[in-house]
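Peer 1: Have a look at the structure that comes next, please.
2 protein chains.
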Amino acid sequence: MTGWLAIAGLGPGDPRLVTPEVQAALDHATDLVGYAPYVARVPVRAGVARHGSDNRVEVERAGTALALAAEGRRVVVVSSGDPGVFAMASAVFEAVEAGPEAWAALDIRVLPGITAMLAAAARAGAPLGHDFCAINLSDNLKPWSLIETRLRLAVEADFAIALYNPRSRARPQGFARALALLTEACGADRAILFARAVSTPDERIEVVRLGAATPEMADMRTVVILGSSRTRLIARPGGRPFVYTPRSA
Amino acid sequence: MTGWLAIAGLGPGDPRLVTPEVQAALDHATDLVGYAPYVARVPVRAGVARHGSDNRVEVERAGTALALAAEGRRVVVVSSGDPGVFAMASAVFEAVEAGPEAWAALDIRVLPGITAMLAAAARAGAPLGHDFCAINLSDNLKPWSLIETRLRLAVEADFAIALYNPRSRARPQGFARALALLTEACGADRAILFARAVSTPDERIEVVRLGAATPEMADMRTVVILGSSRTRLIARPGGRPFVYTPRSA
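For the record, the sequence lines run as chains A and B. Counted from 1, the first sequence has number 78 at position 78 by the UniProt record's numbering; the numbering is strictly sequential. Counted from 1, the second sequence has number 140 at position 140 by the UniProt record's numbering; the numbering is strictly sequential.
So this is what it looks like as structure tokens:
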């Protein structure tokens with residue numbers, strides 16, 4: 001058996017957002033590796049070994065997956081969203097670079113998925129309809145000062161800004177500081193979208209002005225999208241407004 | 001019949017990258033609206049009216065689609081990639097805002113897809129593995145000076161940078177200027193990825209250092225990804241290197 005490793009994006013939650021390419025990889029796998037709640041999203045199939053692990057052990061998890069593929073197993077590393085956006089693909093390549101030379105010769109493929117910001121944007125309208133950036137607000141792996149610098153430059157560039165991992169129990173204060181910085185830089189009228197658990201039964205979408213945003217509107221399952229200066233709301237009778245950024249922004 | 005409008009992303013080209021959600025919308029549509037080459041990607045089905053149009057008439061096309069939905073038709077506006085990223089969703093909301101009040105009350109849904117930069121990143125490794133931005137290099141709808149300002153700020157923020165629409169026959173010189181600016185700002189060693197027609201039979205992927213990049217390496221069907229200062233290449237025996245950005249960038 002010739003082993004391979006696919007790093008696959010399961011999308012934001014709804015099985016109808018899993019691509020057929022990812023489904024085919026899951027159908028041919030002998031081993032599933034990933035953060036336990038993501039492994040749990042894949043229906044059980046007889047003969048498939050499931051290697052669920054804890055959060056924050058990404059490189060060890062990647063090493064497990066690479067070692068299995070080197071033994072000839074057909075391994076799928078599962079990520080939420082897209083594996084290349086604040087997810088497992090980078091951790092796998094970090095492990096490849098640090099590992100035995102043979103790992104770089106393995107059949108490793110990244111299978112894209114619907115990342116959270118695109119699912120969130122779609123639900124609300126088209127807030128990422130012109131130039132935008134994506135910033136991970138977790139300071140586990142970079143200093144907070146770098147995050148603040150990037151936020152200021154992103155506002156100066158007038159990007160729409162997607163914020164991943166805005167808030168966790170371990171760092172409740174960071175998002176409050178980010179909101180304060182952004183409100184000072186953008187003004188209270190700027191549109192902001194809080195999209196929690198998009199496409200799951202727990203989905204909650206809120207579109208407000210920045211002046212009405214509070215830190216508690218985000219948690220670990222939320223992606224936040226701040227509009228650019230051109231982002232507009234369209235009122236809808238009896239519903240949430242559409243939020244979109246014109247193409248000429 | 002109650003009409004609806006779905007703005008659907010067909011992904012970069014391979015049918016295995018079309019989500020089941022988008023496929024279901026296509027299966028229930030009475031009308032397909034879009035740029036003719038994208039409409040042509042959807043297999044013909046009896047009883048479905050196909051409204052293919054020329055490039056650069058996005059708002060007129062959106063108006064056609066909205067009028068059909070208002071008449072009670074089930075309309076899918078097809079986009080390449082993700083409809084919310086430099087594609088049709090913003091044009092539809094521009095038309096909603098400028099159109100009759102009843103259009104804002106229509107059942108309008110955006111169905112996300114795999115956008116070009118994510119498909120390109122997946123093919124090459126994980127160049128968007130940390131903070132990044134996406135910039136449309138077309139100056140049809142914004143001044144070139146704004147593009148240059150955004151490029152400079154994106155480099156200062158040390159984002160990986162995805163460049164959409166880098167080059168067209170109508171504006172061959174813009175991308176050459178962008179490359180010169182980026183080389184001056186980032187140095188010749190920075191990793192850069194040219195990904196053309198990803199997931200189609202015409203796919204071509206090139207990973208080089210910025211000093212070796214030339215304007216001719218991009219055309220209308222190319223997405224370009226410039227690494228951040230932390231982006232790394234991993235040599236592979238007899239193959240293209242992996243390119244990835246570590247999570248700590």
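Here a beta-carbon is modelled for each residue, glycine too, at the ideal position from N, C-alpha and C. Everything numeric in this text was worked out from a predicted model, so none of it was measured.
How would you call B:Ala-162, buried or exposed, if buried means at least 16 neighbouring beta carbons within 10 angstroms?
Peer 2: buried
Peer 1: Helix, strand or coil for B:Phe-242, going by three-state DSSP, please let me know.
Peer 2: strand
Peer 1: Quick check: what's the CA-CA separation for A:Asp-82 versus A:Gly-13?
Peer 2: 11 Å
Peer 1: When you compare the CB of A:Ile-135 with every CB in chain B, is at least one pair closer than 9 Å?
Peer 2: True, the Cβ-Cβ gap to chain B drops below 9 Å.
Peer 1: Closest by CA to A:Phe-194, which one among A:Val-224, A:Arg-171, A:Ala-176, A:Gly-211?
Peer 2: Measuring from the Cα of A:Phe-194, the nearest candidate turns out to be A:Val-224.
Peer 1: Let's test the definition: count the other Cβ atoms within 10 Å of the Cβ of A:Leu-26 and tell me whether it reaches 16, buried, or not, exposed.
Peer 2: buried
Peer 1: When the Cα atoms are used, what is the spatial distance from A:Ala-178 to A:Val-207?
Peer 2: Straight-line Cα distance between these residues: approximately 18 Å.
Peer 1: To be precise: take each residue of the stretch 2-19 of chain A, compare its Cβ to all Cβ atoms of chain B, and keep it if any distance is under 9 Å. Which residues remain?
Peer 2: Contact residues of the stretch 2-19 of chain A toward chain B are Ile-7, Gly-9, Gly-11, Pro-12, Asp-14, Pro-15, Arg-16, Leu-17, Val-18, Thr-19 (C-beta to C-beta distance below 9 Å).
Peer 1: Give the residues from the stretch 29-59 of chain A that approach chain B closer than 8 Å (Cβ to any Cβ), ordered along the chain.
Peer 2: Among the residues of the stretch 29-59 of chain A, those with a Cβ less than 8 Å away from any Cβ of chain B are Glu-58, in the order of the chain.
Peer 1: For the candidate residues A:Phe-132, A:Val-78, A:Glu-216, whose alpha-carbon lies nearest to that of B:Leu-153?
Peer 2: A:Phe-132
Peer 1: Which residues in chain B have a C-beta closer than 7 Å to the C-beta of A:Asp-82? List them in chain order.
Peer 2: Leu-118
Peer 1: Leaving out five residues before and five after B:Ala-213 in sequence, what residues of the same chain have Cβ atoms less than 7 Å from its Cβ?
Peer 2: Leu-179, Ile-192
Peer 1: Does any residue of chain B have a CB that is nearer than 9 Å to the CB of A:Leu-182?
Peer 2: no
Peer 1: Exposed or buried, A:Glu-184, counting other C-beta atoms within 10 Å across all chains shown (16 or more means buried)?
Peer 2: Of the residues assessed, A:Glu-184 falls on the exposed side of the cut-off, its CB having fewer than 16 other CB atoms within 10 angstroms.
Peer 1: What three-state label does DSSP hand A:Thr-149 in the structure shown?
Peer 2: helix
Peer 1: Which value, in whole angstroms, describes the spacing of the CA atoms of A:Ala-197 and A:Glu-216?
Peer 2: Computed Cα separation, rounded: 15 Å.
Peer 1: For the beta strand (DSSP E) that A:Arg-109 lies in, which residues bound it at each end?
Peer 2: 108-111
Peer 1: Measure from the C-beta of A:Ser-145 to each C-beta in chain B and report whether the shortest distance is under 9 Å.
Peer 2: no
Peer 1: Quick check: the stretch 133-141 of chain A against the stretch 99-107 of chain A, are there 3 or more CB pairs under 8 Å?
Peer 2: no
Peer 1: Along chain B, in chain order, which residues have C-beta atoms closer than 8 Å to that of A:Thr-245?
Peer 2: Ser-90
Peer 1: Quickly, what does DSSP pair A:Asp-31 with across the bridge? List them, please.
Peer 2: A:Ala-49, A:Val-75
Peer 1: Using 8 Å for Cβ pairs, my map puts A:Leu-111 next to A:Val-39. What's the rounded Cβ distance?
Peer 2: Not confirmed; about 16 Å, so no contact.
Peer 1: Give me, in chain order, the residues of the same chain whose beta-carbon lies closer than 8 Å to that of A:Asn-165; leave out the 5 immediate sequence neighbours on both sides.
Peer 2: Phe-86, Asn-136, Leu-137, Ser-138, Met-220
Peer 1: Determine the chain B residues that contact A:Ile-205 at a beta-carbon separation under 7 Å, and present them in chain order.
Peer 2: Within chain B, no residue comes near A:Ile-205; the closest Cβ sits about 12 Å away, beyond 7 Å.
Peer 1: Are the C-beta of B:Glu-148 and some C-beta of chain A separated by less than 9 Å?
Peer 2: no
Peer 1: B:Phe-159 touches chain A at which residues, Cβ-Cβ below 8 Å?
Peer 2: Cys-133, Arg-150
Peer 1: Quick check: the Cα distance between B:Ser-145 and B:Pro-172, rounded to an integer number of angstroms?
Peer 2: 16 Å
Peer 1: Alpha carbon to alpha carbon, how far is B:Ala-235 from B:Glu-60?
Peer 2: 48 Å
Peer 1: Helix, strand or coil, according to DSSP, for B:Val-208 in the structure here?
Peer 2: strand
Peer 1: What are the boundary residues of the alpha helix (DSSP H) that includes A:Gly-174?
Peer 2: 172-186
Peer 1: Among A:Arg-230, A:Leu-17, A:Phe-93, whose alpha-carbon lies nearest the alpha-carbon of B:Leu-233?
Peer 2: A:Phe-93
Peer 1: Taking the DSSP output, what are the residues bridged to A:Thr-222?
Peer 2: In DSSP, A:Thr-222 forms a bridge with A:Arg-196.
Peer 1: Check the C-beta distance from A:Ala-126 over to B:Gly-84 and give it rounded, since I have them as a contact under 8 Å.
Peer 2: 5 Å
Peer 1: Run through the DSSP bridge pairs and tell me what B:Ala-191 is partnered with.
Peer 2: B:Arg-209
Peer 1: Counting along the chain, where does the beta strand (DSSP E) carrying A:Phe-132 start and finish?
Peer 2: 132-136
Peer 1: Can you tell me which residues form a DSSP beta bridge with residue 269 of chain B?
Peer 2: This structure gives no information on residue 269 of chain B, because the portion of chain B shown stretches from 1 to 249.
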